[in-house]
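*Asks:* The structure's right below; bear with me while I get my questions together.
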Amino acid sequence: MNHQPFEEWLLDDKPLNPIERRELDLHLRTCARCASLAEVGLTLRSAPVVSPAAGFTLRFQERLAAQKIAERRRRLWGLMVLLIAGSGLLAWLLVPYILAFASAPIEWMTAGIGYFLFLLTSFQAMTEATAVLLRLAVNFIPPYAWMALASALAGLGLLWTISIWQFSRTAQGVSA
Amino acid sequence: MNEEQTWALEAQRGSDEAFTKLVETYQTPVFNLCYRMLGEPELAEDAAQETFLRAYQHLHRYDQKRPFATWLLSIAAHYCIDKLRRRKFSIFSMDEEDEDGNPFEIADLDSPNPEAEAMKGQTRARVQAMLEDLDPTDRAAIIMRYWYDYSEIEIAESLRLTVSAVKSRLHRSRKALAGMWQEEETRVRAERRTYESPAF
């Protein structure tokens, strides 16, 4: 038996004109397959909407409150574990130095001041060297090379901005 | 902007009161979807509660341009699909069934016509049993189409499918359901014939 176009009409829930309606009715009287299709469509459409038991919102509020408490407790425990572990690690790393410092404090202080002065003078020397190099570079590097460098940096900046924007776009349809 | 979207916006800004209004408004559609997907009221209650909890936690991801109901039902459908896929691997079925494997359906005995109510109950049970034979995603598509009047585009957005995939899933499921319906009709008719007395 030819089920077309009736099967297509039924599957697509096509709105029918009176002639099509009559043709479909005639077909449904002789075709059990299409009749089942129509009957299933009607049954699905007339199936009732089931409601939850009374007090759903209250039960949700209780569940949400419990979830919030559990979340807060979890965060607090996480923070405490992190603090204890961090303190332990720091103590383990510092104990040899503290012991050494306690045994000869003057020598340690002298060495510390010396190291600080070394860092300071090194930084000053590096700053002066960079300034001299930049002054020389301005004369040696042609203007188009500067332009290319500036464009490359701008391009990188743009790429970075686009990536951040793409990652931070809001996602829809949470499946969690 | 409609009332629901205003509540959603307020909830996004941290108003628990606005979210409660959303729960009150959408509890039935969400519960119904979960019930039709999972087939058991207890599981549906748990799934509906979990849906609202997830919506609350991911409220910042809700896009005001989309209807709130579509977003919410999408969460519910995905949750139920995951649950069904996990349940597939469990050994024991927790469904309450009679000796023939049909789910229990209690007729409303206080109604004026208990016989008609029982018939209705049987049809409802039959629809539910047939739905349970469908693939979880197909089932979600059918529920969205026939209980919520969702268009193919809305179903595609909710289930993260293409429109053509939704169309073919709907067609396939409707045909499968019709096949099951026809088989059941044949079985019922044969049973009736067996019990009928030859004297009549």
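These protein sequence lines are chains A and B, in that order.
Numbering of the first sequence is given in numbering that gives the first Met the number 0, commencing with residue 0 and proceeding in unit increments.
Numbering of the second sequence is given in numbering that gives the first Met the number 0, commencing with residue 0 and proceeding in unit increments.
Even glycine gets a Cβ: it sits at the ideal position worked out from N, Cα and C.
Keep in mind it's a predicted model, so treat the numbers as computed, not measured.
#1: Comparing the C-beta of Ala47 (chain B) with each C-beta of chain A, is any distance below 8 Å?
#2: DSSP on Arg134 (chain A), reduced to helix/strand/coil?
#3: In chain B, which residues lie with their C-beta within 9 Å of the C-beta of Phe100 (chain A)?
#4: Can you pull the chain A residues whose beta carbon is under 7 Å from the beta carbon of Gln26 (chain B), in chain order?
#5: From the DSSP output, in three-state form, read off Gly113 (chain A) for me.
#6: Excluding the 5 residues flanking Ile74 (chain B) on each side, which residues of the same chain have their C-beta closer than 7 Å to its C-beta?
#7: Determine which residues of the stretch 9–42 of chain A have a Cβ less than 9 Å from any Cβ of chain B, and write them out in chain order.
#8: Can you grab the Cα-Cα spacing for the pair Glu153 (chain B) / Pro14 (chain A), in whole Å?
#9: Determine the DSSP secondary structure at Arg12 (chain B), reduced to helix, strand or coil.
#10: Could you compute how far the alpha carbon of Ala84 (chain A) sits from the alpha carbon of Trp91 (chain A)?
#11: Going along the chain, which residues of its own chain have a beta-carbon closer than 6 Å to the beta-carbon of Trp216 (chain B), five neighbours each way excluded?
#12: Please compile the residues from chain A whose C-beta is within a distance smaller than 7 Å of the C-beta of Val22 (chain B).
#13: How would you write the range of the alpha helix (DSSP H) that Trp146 (chain B) sits in, first residue to last?
#14: Nearest to Ala46 (chain A) by alpha carbon, out of B:Arg186, B:Thr161, B:Met143 and B:Lys174?
#15: Where does Tyr34 (chain B) sit, in a helix, a strand or coil, going by DSSP?
#16: Give the secondary structure of Pro66 (chain B) by DSSP, where H, G and I count as helix, E and B as strand, and everything else as coil.
#17: Which of the three DSSP states, helix, strand or coil, is assigned to Ala46 (chain A)?
#18: For a cutoff of 8 Å on Cβ pairs, would you count Phe67 (chain B) as touching chain A?
#19: Along chain C, in chain order, which residues have C-beta atoms closer than 7 Å to that of Glu2 (chain B)?
#20: Considering only their Cβ atoms, is the gap separating Arg32 (chain A) from Gln181 (chain B) smaller than 8 Å?
#21: Does the CB of Arg72 (chain A) have a neighbour CB from chain B at under 8 Å?
#22: Taking 8 Å as the CB-CB limit, is Arg12 (chain B) close to chain A?
#23: Less than 8 Å between CB atoms is the rule here; does Phe166 (chain A) satisfy it with respect to chain B?
#24: On the CB-based measure, 16 or more other CB atoms within 10 Å of its CB, does Asp107 (chain B) come out buried or exposed?
#25: Sorted by chain position, which residues of the same chain lie with C-beta nearer than 8 Å to Lys20 (chain B)'s C-beta, five sequence neighbours on each side aside?
#26: Can you tell me where the alpha helix (DSSP H) with His59 (chain B) in it begins and where it stops?
#27: Using a Cβ cut-off of 9 Å, which residues of the stretch 108–124 of chain A contact any Cβ in chain B, in chain order?
#28: Just how far apart, CA to CA, sit Thr29 (chain A) and Asn1 (chain A)?
#29: From the beta carbon of Leu52 (chain B), is the nearest beta carbon of chain A less than 8 Å away?
*Replies:* Quick answer:
#1: Counted from its first residue, the second sequence places residue 47 (chain B) at position 48. The beta carbon of Ala47 (chain B) falls within 8 Å of a beta carbon belonging to chain A, placing the residue at that interface.
#2: Your numbering for residue 134 (chain A) matches position 135 in the first sequence. Reduced to three states, the DSSP call for Arg134 (chain A) is helix.
#3: Counted from its first residue, the first sequence places residue 100 (chain A) at position 101. What Phe100 (chain A) touches in chain B: nothing, since even the nearest Cβ is about 50 Å away.
#4: Reading the second sequence from its first residue, position 27 is the one you call residue 26 (chain B). The answer, in chain order, is Pro51, Phe55 and Thr56.
#5: Counted from its first residue, the first sequence places residue 113 (chain A) at position 114. Here Gly113 (chain A) sits in helix by DSSP.
#6: Walking along the second sequence from the start, residue 74 (chain B) turns up at place 75. Cβ within range, chain order: Thr50, Arg53 and Ala54.
#7: Leu9, Leu10, Asp11, Asp12, Ala31, Arg32, Cys33, Ala34, Ser35, Leu36, Ala37, Glu38, Val39, Gly40 and Thr42
#8: Within the second sequence, numbered from 1, the residue matching residue 153 (chain B) stands at position 154. Within the first sequence, numbered from 1, the residue matching residue 14 (chain A) stands at position 15. So the two alpha carbons sit approximately 20 Å from each other.
#9: In the second sequence, counting from the first residue as 1, residue 12 (chain B) sits at position 13. Correct three-state label for Arg12 (chain B): coil.
#10: Within the first sequence, the letter at position 85 stands for residue 84 (chain A). Within the first sequence, the letter at position 92 stands for residue 91 (chain A). The alpha-carbon atoms of Ala84 (chain A) and Trp91 (chain A) are separated by roughly 10 Å.
#11: Any property of residue 216 (chain B) remains undetermined from this structure, which presents chain B solely from 0 to 199.
#12: Residue numbering aside, residue 22 (chain B) sits at position 23 when the second sequence is read from its first letter. Neighbours of Val22 (chain B) on chain A, chain order: Thr56 and Phe59.
#13: Along the second sequence, one-based indexing puts residue 146 (chain B) at 147. Neither: Trp146 (chain B) is in no alpha helix (DSSP H) and is coded neither H nor E.
#14: In the first sequence, the residue the question calls residue 46 (chain A) occupies position 47. Among B:Arg186, B:Thr161, B:Met143 and B:Lys174, the Cα nearest to that of Ala46 (chain A) is on B:Met143.
#15: In the second sequence, counting from the first residue as 1, residue 34 (chain B) sits at position 35. It is helical.
#16: As a first step, residue 66 (chain B) must be located in the second sequence, where it is residue number 67. Here Pro66 (chain B) carries a coil assignment [DSSP, helix/strand/coil].
#17: As a position in the first sequence, residue 46 (chain A) is number 47, starting the count at 1. In this structure, Ala46 (chain A) counts as coil in the three-state DSSP scheme.
#18: The residue labelled residue 67 (chain B) in the question sits at position 68 within the second sequence. Judged by the 8 Å Cβ criterion, Phe67 (chain B) is not in contact with chain A.
#19: As a matter of chain content, chain C is missing from the structure shown, whose protein chains are A and B.
#20: Here residue 181 (chain B) refers to the residue found at position 182 when the second sequence is read from its first residue. Here residue 32 (chain A) refers to the residue found at position 33 when the first sequence is read from its first residue. Yes.
#21: Reading the first sequence from its first residue, position 73 is the one you call residue 72 (chain A). Not an interface residue.
#22: As a working mapping, residue 12 (chain B) is identified with position 13 in the second sequence. Output row for Arg12 (chain B): interface = no.
#23: The residue labelled residue 166 (chain A) in the question sits at position 167 within the first sequence. With 8 Å as the cut-off, Phe166 (chain A) does not count as an interface residue toward chain B.
#24: Position 108 of the second sequence, counted from the first residue, corresponds to residue 107 (chain B). Bear in mind that the predicted position of Asp107 (chain B) carries a pLDDT of just 46, short of 50, making it too unreliable to give a figure here.
#25: For this step, residue 20 (chain B) is matched to residue 21 along the second sequence. Excluding sequence neighbours, Lys20 (chain B) sits near Trp6.
#26: Translated into positions along the second sequence, residue 59 (chain B) becomes position 60. That residue, His59 (chain B), is in no alpha helix (DSSP H); it is neither H nor E in DSSP.
#27: none
#28: By 1-based counting over the first sequence, the position of residue 29 (chain A) is 30. By 1-based counting over the first sequence, the position of residue 1 (chain A) is 2. Within the model, the alpha-carbon separation for Thr29 (chain A) versus Asn1 (chain A) is close to 11 Å.
#29: The count along the second sequence starts at 1 and reaches residue 52 (chain B) at position 53. So, interface residue.
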